[in-house]
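Engineer:
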Amino acid sequence: MAERDAGRDTGRDAGQDDGRGTGRGDGGSAVAVHRRTWRLEDVTVADPEAMRRSVTGTAVGNFMEWYDFGVYAYLATVIAQVFFPSGASGTASLIGTFGILAASFLVRPLGGFVLGPLGDRIGRRRVLMVTITLMACATTATGLLPGYDSWGPWGSGIGFWAAILLLVTRMVQGFSTGGEYVGAMTYIDEHAPDRRRGFLAGFLPVGTLSGYICGAALVTGLTAGLSQDAMLAWGWRIPFLLGGPLGLVALYMRLRLQETPAFEKLTEEEKAGSEGGGAQQFRQTVVEQWPRLLVCMGLVLTFNVTNYMLSGYLPTYLESIASLSSTVALVIVTAVMLVLAAAVLFVARLSDAVGRKPVMWTGCGLLVVASIPAFALMRSGEHLVVFLGVLIVGIMLLCFNSTEPSTLPALFPTNVRYGALAVAFNISVSAFGGTTPLISEGLVSWTGNEMMPAYVLIVAGIVGIVCVFFTPETARRRLPGGSPTVATDDEARYVAETGTIEDPGESAGGITETEAGTENAVGTENTVGRVGRVGREGTEGPDGTEGTGREQR
Numbered sequence: 002m003a004e005r006d007a008g009r010d011t012g013r014d015a016g017q018d019d020g021r022g023t024g025r026g027d028g029g030s031a032v033a034v035h036r037r038t039w040r041l042e043d044v045t046v047a048d049p050e051a052m053r054r055s056v057t058g059t060a061v062g063n064f065m066e067w068y069d070f071g072v073y074a075y076l077a078t079v080i081a082q083v084f085f086p087s088g089a090s091g092t093a094s095l096i097g098t099f100g101i102l103a104a105s106f107l108v109r110p111l112g113g114f115v116l117g118p119l120g121d122r123i124g125r126r127r128v129l130m131v132t133i134t135l136m137a138c139a140t141t142a143t144g145l146l147p148g149y150d151s152w153g154p155w156g157s158g159i160g161f162w163a164a165i166l167l168l169v170t171r172m173v174q175g176f177s178t179g180g181e182y183v184g185a186m187t188y189i190d191e192h193a194p195d196r197r198r199g200f201l202a203g204f205l206p207v208g209t210l211s212g213y214i215c216g217a218a219l220v221t222g223l224t225a226g227l228s229q230d231a232m233l234a235w236g237w238r239i240p241f242l243l244g245g246p247l248g249l250v251a252l253y254m255r256l257r258l259q260e261t262p263a264f265e266k267l268t269e270e271e272k273a274g275s276e277g278g279g280a281q282q283f284r285q286t287v288v289e290q291w292p293r294l295l296v297c298m299g300l301v302l303t304f305n306v307t308n309y310m311l312s313g314y315l316p317t318y319l320e321s322i323a324s325l326s327s328t329v330a331l332v333i334v335t336a337v338m339l340v341l342a343a344a345v346l347f348v349a350r351l352s353d354a355v356g357r358k359p360v361m362w363t364g365c366g367l368l369v370v371a372s373i374p375a376f377a378l379m380r381s382g383e384h385l386v387v388f389l390g391v392l393i394v395g396i397m398l399l400c401f402n403s404t405e406p407s408t409l410p411a412l413f414p415t416n417v418r419y420g421a422l423a424v425a426f427n428i429s430v431s432a433f434g435g436t437t438p439l440i441s442e443g444l445v446s447w448t449g450n451e452m453m454p455a456y457v458l459i460v461a462g463i464v465g466i467v468c469v470f471f472t473p474e475t476a477r478r479r480l481p482g483g484s485p486t487v488a489t490d491d492e493a494r495y496v497a498e499t500g501t502i503e504d505p506g507e508s509a510g511g512i513t514e515t516e517a518g519t520e521n522a523v524g525t526e527n528t529v530g531r532v533g534r535v536g537r538e539g540t541e542g543p544d545g546t547e548g549t550g551r552e553q554r
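Our numbering numbers the first residue of the sequence shown as 2 and each following residue consecutively.
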């Protein structure tokens with residue numbers, strides 16, 4: 002029965018007497034839902050071993066990226082002394098250090114524009130191997146740079162050229178990360194079963210947080226165990242030089258990855274830019290996707306302002322404003338990161354059950370109402386109270402980093418997913434995320450108001466509220482432009498028999514049921530509508546008229 006139904010290319014009327022797919026419309030009358038049927042061979046069954054390699058192979062890249070960022074952020078005060086003149090004020094050198102960090106983020110859109118569309122043409126796996134290689138080389142090169150004065154094995158310093166070389170290595174790092182995280186999100190989402198995508202994508206922020214924690218812990222240990230002169234002379238180089246062996250391990254893990262099933266199903270004609278070259282790919286990736294690009298950019302703004310406030314700026318804020326020692330400040334932020342790393346998978350799994358949007362709504366609300374209390378607690382200077390203030394900001398971040406990897410790729414169809422996500426993500430990160438430490442430090446210095454970072458978070462929360470409103474629910478849904486992905490052969494037969502619940506008025510992927518009783522899954526409040534049939538080649542209404550034609554991949 003399953004094979005016979007799955008072999009048909011036509012859809013199934015939703016108003017059948019099997020009890021599935023009916024709901025209540027206005028006035029209590031039964032309203033049928035749209036279903037789209039699939040051939041059994043079109044339903045993707047996730048390979049557990051390939052899924053395991055996908056999780057570890059993508060998370061290791063995020064580990065590398067955020068290990069590097071954590072080391073740079075936690076060594077900001079040391080880097081300011083190594084690469085800038087000793088006669089400069091501490092604030093000026095610190096702003097210069099954060100300025101170089103911000104400049105590295107300015108080249109991320111370039112990396113996104115190059116690497117993202119490339120991933121839509123030649124495959125996700127190949128581009129991810131390029132990004133991990135570039136990141137490892139940039140991190141290692143940073144640890145070999147000479148300083149401004151005479152610190153380190155290079156003897157005499159090279160003056161302002163030291164800062165220039167630091168800028169170059171940071172820009173290479175920024176270019177590579179322009180394709181790294183978006184590629185990892187795309188890759189793992191295209192491998193994960195629809196009903197477990199939130200949980201499996203949640204391993205990406207685990208890699209992110211683990212990398213940051215390891216980098217921070219290493220810097221904290223060096224800071225506590227070495228004298229100030231030793232840190233300035235050679236101690237700061239150790240974390241960066243470890244990027245070499247870490248990169249080799251990460252590259253080996255990437256070499257064992259397979260291409261995603263969704264990309265492999267694309268025909269040459271369906272791939273972006275297959276006929277008109279770069280101009281056609283730009284039109285398909287940017288012009289045709291601009292409403293989703295704007296929503297994506299807003300969500301990324303909210304997430305990354307919170308992210309970089311916690312990871313990039315709070316260590317410095319606690320040291321300069323709350324008058325904590327650098328070691329204590331690092332320990333507090335690292336402890337909060339450990340809490341987030343322990344909780345992120347639980348929240349990611351929760352988003353599979355209740356939906357992504359309720360979790361994101363919670364984060365936006367906290368940003369608006371809890372940012373001022375959080376920074377008031379941090380300014381107290383009492384260690385436990387400061388920890389509670391930082392933890393509040395961490396909980397805000399948890400609501401976004403647990404849902405972002407499974408939400409953003411689902412905004413775009415398969416043939417432009419990597420490129421569109423790379424463009425939107427990196428423009429937003431460049432403009433608003435990586436510049437958050439610089440903007441926050443500049444506002445505090447300019448206004449003298451130590452609460453300015455809280456106001457920055459409030460603005461990010463307001464932007465998030467608007468964007469979450471326009472974001473479609475993506476939990477338990479197939480990716481747009483793709484076929485359903487399930488965990489077992491039995492689930493594949495069930496999906497082929499019952500179809501996916503579709504909303505004819507929305508472009509989001511349909512809800513994937515894998516067993517009886519899951520008809521009222523997340524997001525079905527928007528799936529009720531007129532009786533219709535949805536097939537592989539188009540949509541057909543009750544009157545037999547042809548619908549919209551084949552769905553875009």
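Glycine included, every Cβ here is placed at the ideal spot set by N, Cα and C.
If you're wondering where the values come from, they're calculated on a predicted model, not measured in any experiment.
1) Report yes or no: do the region 122-140 and the region 448-460 share at least 3 C-beta pairs separated by less than 8 angstroms?
2) Would you please verify whether the beta carbon of I189 is less than 8 angstroms from any beta carbon of chain C?
3) Hey, out of I463, G117, T209, whose CA is closest to Y309's CA?
4) My understanding is that I239 touches E451, with C-beta atoms under 8 angstroms, so please give their C-beta distance in whole angstroms.
5) Please determine, among Y149, Y318, T286, I80, the residue with the shortest C-alpha to C-alpha distance to A375.
6) Taking the straight line between their C-alpha atoms, what separation do you get for T132 and S381?
7) Would you report the Cα separation of G483 and V424, rounded to the nearest angstrom?
8) Quick check on F84: buried or exposed, where buried means 16 or more other Cβ atoms within 10 Å of its Cβ?
9) Could you tell me the distance, in whole angstroms, from the CA atom of D195 to the CA atom of C400?
10) Check whether the region 399-413 touches the region 339-355, taking contact to mean three or more Cβ pairs, one atom from each stretch, closer than 8 angstroms.
11) Go through its chain and collect everything with a Cβ distance to P110's Cβ below 8 angstroms, but skip five positions before and after it.
12) Helix, strand or coil for T45, going by three-state DSSP, please let me know.
13) Can you list, in chain order, the residues of its chain whose CB lies under 6 angstroms from that of P262, leaving out five sequence neighbours each side?
14) Is it right to say L129 is buried, meaning 16 or more other beta carbons lie within 10 angstroms of its own, or is it exposed?
15) So T178 is in the alpha helix (DSSP H); what residue range does that whole segment cover?
16) What does R36 pair with, by DSSP beta-bridge criteria?
17) In the DSSP output, which residue or residues are listed as bridge partners for V487?
18) Return the chain-ordered list of same chain residues with a C-beta closer than 7 angstroms to the C-beta of C215, the five sequence neighbours on each side being excluded.
19) Closer than 7 angstroms to a non-hydrogen atom of the ligand MG - does that hold for the CB of R125?
20) Consult DSSP for R257 and reduce its assignment to one of helix, strand or coil.
21) Kindly list the residues whose CB is nearer than 8 angstroms to the CB of M232, restricted to its own chain and excluding five residues on each side of it in sequence; keep chain order.
22) Taking the alpha-carbon of I466 as reference, which of L480, A330, L302, G420 has the nearest alpha-carbon?
23) Between the region 356-365 and the region 478-495, do three or more beta carbon pairs fall short of 8 angstroms?
24) According to DSSP, simplified to helix, strand and coil, what is R380?
25) So what does A478 bridge to, in DSSP terms?
26) What's the gap between the Cα of A411 and the Cα of G148?
Structural biologist: By the coordinates alone:
1) no
2) Among the protein chains of the structure shown there is no chain C, as only one such chain exists.
3) T209
4) So it is not a contact: roughly 33 angstroms between Cβ atoms.
5) Y318
6) 42 angstroms
7) So the two alpha carbons sit approximately 21 angstroms from each other.
8) Buried, by the Cβ-count rule.
9) 20 angstroms
10) yes
11) Same-chain partners within the cutoff: G179, V424, N427, I428, S431.
12) strand
13) T45
14) buried
15) Where T178 is concerned, the enclosing alpha helix (DSSP H) stretches over 161-192.
16) I502
17) V46
18) Take C215, set aside five residues on each side of it, and the residues of its chain with a beta-carbon closer than 7 angstroms to its own are Y68, in chain order.
19) As far as ligands go, the structure on display features none, and thus does not contain the ligand MG.
20) Residue state for R257 is assigned as coil, using DSSP reduced to three classes.
21) V79, L223, T224
22) L302
23) no
24) coil
25) Here residue 478 turns out to be Arg, not Ala, going by the sequence shown. Paired residues: I512.
26) 45 angstroms
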